[in-house]
Amino acid sequence: MEDISAQIEELQTRLEQVRSYLHIEARRSQLIELEKTFTEPGFWDDQQRASALSKQASDIRSDIEEYEGALAQLDDVVVADELARAEQDEALFAEALETLESLKTKIDGLELASWFTNDLDHGDAIVSVNPGQGGLEAQDWAEMLFKMYTRYAQRRGWKVEVLDAPSGEVIGIDRATFIVSGRNAYGMLAAEHGTHRLVRISPTDEKKRRQTTFAGVEVLPVLPDDIEIEIKDADLRIDVYRSSGPGGQSVNTTDSAVRITHLPTNTVVTCQNEKSQLQNKEAAMKILRSRLYELEQAKREAELDSLRGPKQEASWGNQIRNYVLYPYQMVKDVRTGEETGNVEAVLDGDIDRFIVAFLRTKAAAQR
22 MEDISAQIEE LQTRLEQVRS YLHIEARRSQ LIELEKTFTE PGFWDDQQRA
72 SALSKQASDI RSDIEEYEGA LAQLDDVVVA DELARAEQDE ALFAEALETL
122 ESLKTKIDGL ELASWFTNDL DHGDAIVSVN PGQGGLEAQD WAEMLFKMYT
172 RYAQRRGWKV EVLDAPSGEV IGIDRATFIV SGRNAYGMLA AEHGTHRLVR
222 ISPTDEKKRR QTTFAGVEVL PVLPDDIEIE IKDADLRIDV YRSSGPGGQS
272 VNTTDSAVRI THLPTNTVVT CQNEKSQLQN KEAAMKILRS RLYELEQAKR
322 EAELDSLRGP KQEASWGNQI RNYVLYPYQM VKDVRTGEET GNVEAVLDGD
372 IDRFIVAFLR TKAAAQR
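Take the sequence shown: its letter number 152 is residue 173 in our numbering, and every next letter is one higher.
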């Protein structure tokens, strides 16, 4: 039987760090205060406030329970290891190893939660994918990224609501905007903001030449209702038009698609995948609020946008990640050096390794 004491000590240290990062004791006190609030007369009369505080309490309770579960699991590993060695029981030792691996995964998740210090990190995300340099190839690449993110969301059990994804003239998509709903969705997906570069044999080139294409990914938080963004009706131009969706039952057959232009900032948002013009307008306004919030943040700080980083052209030299399909197979993140040769799995939504590596590097730089 191998000696796993060093691994156990490492997990003990990591778990103690998680306890500190997550402020477990303070969060226990916070949860007690929140639960007292729930019993106050008239608390449930304000459904919006009640819903927000209930979600906050649920998230805190979940973090505490996950931490306590990991602590109990660590005790199980220690006891199982000691008994296995005392009795030279291989089966019991195998059980200890299995629990150890499970515990590593659980602590990875707790560490991840500890990196999200902004309240918006725990909420939903608005993701936009836009073709960059590369012509028709870029539209195809944008669709590949769109599918990659929807599959990633499915892997994590998140909900995806597509707001706008019109087909390109020949291949791919003209753009895509969608909302990803789930715990820590914004905190995770914010790591994907930037330019993504693809190198492959062009599927549209008769001479089968290698081509480089780009697509830009923008990630914004879905703002809670208690964050006020002043938008004057006089500052808006609202246009309606017929949907140009990819086909199928979701395509509107009336002029229900909506384009909203915020005239002072020249910010344009569109939505066409909802069933009615009113729903499309509401969804577009949600995106507009988030974009104006981001602009205001940038103005106040007079430096790099604290929510999504600098806005760059989707072209050579600005990429955050390279996806190479030819002459070899590799995906490599420029920011962290994280890489893999399993390109197929990445394009199928297996991108946790890149997101976690980026968030770990970012967290280390802030501590």
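Cβ coordinates follow ideal geometry from the N, Cα and C atoms, glycine included.
Inter-residue spacing [alpha-carbon to alpha-carbon] between residue i and residue j
i           : j           : result
residue 133 : residue 52  : 21 Å
residue 183 : residue 149 : 10 Å
residue 374 : residue 38  : 21 Å
residue 199 : residue 66  : 32 Å
residue 92  : residue 379 : 27 Å
residue 81  : residue 229 : 54 Å
residue 255 : residue 300 : 21 Å
residue 98  : residue 344 : 40 Å
residue 270 : residue 294 : Residue placement at residue 270 cannot be trusted, given a pLDDT of 40 that sits under 50; what the coordinates show is reported in the next sentence. Answer to the nearest angstrom: the Cα atoms are 10 Å apart.
residue 383 : residue 212 : 10 Å
residue 164 : residue 231 : 19 Å
residue 153 : residue 187 : 16 Å
CB of residue i within 8 Å of CB of residue j, strictly
i           : j           : result
residue 391 : residue 219 : Residue 391 cannot be examined here, being either before or after the span of the chain that is shown, 22 to 388.
residue 151 : residue 237 : yes
residue 355 : residue 340 : yes
residue 191 : residue 157 : yes
residue 57  : residue 94  : no
residue 101 : residue 78  : no
residue 298 : residue 264 : no
residue 203 : residue 142 : no
residue 242 : residue 146 : yes
residue 35  : residue 85  : no
residue 11  : residue 387 : Any question about residue 11 goes unanswered here, given that the chain covers just 22 to 388.
Residue i, buried or exposed, once every other Cβ within 10 Å from all chains shown has been counted against 16
i           : result
residue 372 : buried
residue 26  : exposed
residue 88  : buried
residue 347 : exposed
residue 44  : exposed
residue 291 : buried
residue 105 : buried
residue 109 : exposed
residue 225 : exposed
residue 176 : exposed
Residues that DSSP places opposite residue i in a beta bridge
i           : result
residue 237 : 151 and 216
residue 11  : One cannot answer for residue 11 here, as it falls past the ends of the chain, which runs 22 to 388.
residue 363 : None; residue 363 has no bridge partner.
residue 88  : Its beta-bridge partners do not exist; DSSP assigns none.
residue 355 : DSSP output for residue 355 lists no bridge partner at all.
residue 262 : 278
residue 231 : 222
residue 288 : 283
residue 53  : Paired residue(s): none; residue 53 is not in a bridge.
residue 185 : 198
residue 343 : 218 and 353
residue 307 : Note: residue 307 sits in no beta bridge, so no partner.
Rounded distance between the beta-carbons of residue j and residue i, thought under 8 Å
i           : j           : result
residue 261 : residue 279 : 6 Å
residue 309 : residue 283 : 6 Å
residue 1   : residue 172 : Missing from the structure shown is residue 1; the chain here goes from 22 to 388 and no further.
residue 281 : residue 304 : That belief does not hold up - the Cβ atoms of residue 281 and residue 304 are roughly 10 Å apart, past 8 Å.
residue 247 : residue 73  : 7 Å
residue 130 : residue 206 : With 8 Å as the limit, residue 130 and residue 206 do not qualify as a contact, their Cβ atoms being about 15 Å apart.
residue 113 : residue 32  : About 19 Å separates the two Cβ atoms, so there is no contact after all.
residue 313 : residue 259 : No, residue 313 and residue 259 are not in contact; Cβ-Cβ is about 15 Å, not under 8 Å.
Residue-chain proximity (residue i, chain B), Cβ-Cβ < 8 Å
i           : result
residue 178 : Absent here is chain B; the protein component of the structure consists of one chain.
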